[in-house]
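In my numbering, the protein residues as written are 310 to 490.
See the structure below:
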């Protein structure tokens with residue numbers, strides 16, 4: 310009986326516990342890296358975490374495109390985003406030396422809170438109401454034309470504080486119409 314009793318208290322149990330802790334730490338590191346923006350692909354969605362309205366590479370992380378936090382969608386991953394006009398947001402990755410060209414991840418009826426100014430300020434999806442800056446009233450994929458939003462509706466970059474307005478992306482062609490929430 311003494312041998313059986315001493316077997317129960319042998320340090321063999323420490324090996325699995327130590328291994329479990331190591332695996333837990335490795336899993337946490339791997340999971341943290343999964344949402345790093347440098348792992349984003351075309352079609353990935355991102356949440357902006359920037360403080361004070363400005364967005365930097367470190368201020369984003371990958372989220373599911375159907376989550377409320379998914380304010381941006383990656384439309385191009387390249388060495389350079391040459392056509393960064395009319396609402397693209399460019400994010401550089403030091404590790405991969407690439408840039409992500411982003412559009413708003415928006416569908417008709419989505420509301421956004423815009424900090425500072427568009428396109429460089431942080432956009433966050435919010436519930437439509439007093440905290441929203443604008444509401445997307447129309448989405449036209451395959452067309453880059455502000456007139457889709459109405460005859461006299463200006464492009465966002467020309468009149469950033471007026472509503473209604475058009476948010477026009479050139480490549481791929483996409484027009485979002487925005488108005489008061």
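Even glycine gets a Cβ: it sits at the ideal position worked out from N, Cα and C.
Computed from a predicted model, the values in this text were never measured in an experiment.
Apply the 10 Å Cβ neighbour rule to residue i and answer buried if 16 or more other Cβ atoms are within range, or exposed otherwise.
i: residue 495; result: Nothing about residue 495 can be reported from this structure: the residues present for the chain run from 310 to 490 only.
i: residue 479; result: exposed
i: residue 388; result: exposed
i: residue 346; result: buried
i: residue 419; result: buried
i: residue 433; result: buried
i: residue 412; result: buried
i: residue 435; result: buried
i: residue 382; result: buried
i: residue 350; result: exposed
i: residue 452; result: exposed
i: residue 385; result: buried
i: residue 438; result: exposed
i: residue 417; result: exposed
i: residue 430; result: buried
i: residue 390; result: buried
i: residue 410; result: buried
i: residue 338; result: Low local confidence applies: a pLDDT of 44 at residue 338 is under 50, so the model's placement there is unreliable, with the coordinate-based value given in what follows. Exposed is the call here.
i: residue 458; result: buried
Taking the beta strand (DSSP E) that residue i belongs to, which residues open and close that run?
i: residue 488; result: 483-488
i: residue 409; result: 407-413
i: residue 374; result: Careful: residue 374 lies outside any beta strand (DSSP E) and carries neither H nor E.
i: residue 423; result: 420-423
i: residue 356; result: 354-357
i: residue 387; result: 381-387
i: residue 349; result: Unbroken run through residue 349: none, as it is neither H nor E.
i: residue 477; result: 474-478
Mind reading off the beta-carbon distance from residue i to residue j? Whole number of angstroms is fine, and I expect it under 8 Å.
i: residue 454; j: residue 484; result: 6 Å
i: residue 444; j: residue 487; result: 7 Å
i: residue 474; j: residue 463; result: 6 Å
Taking the Cβ atom as the reference point for each residue, do residue i and residue j lie within a distance shorter than 8 Å?
i: residue 371; j: residue 355; result: yes
i: residue 414; j: residue 380; result: yes
- Which residue spans inside the segment 433-458 form an unbroken beta strand (DSSP E) run of at least 3? Counting only runs of 3 or more, we get 443-450.
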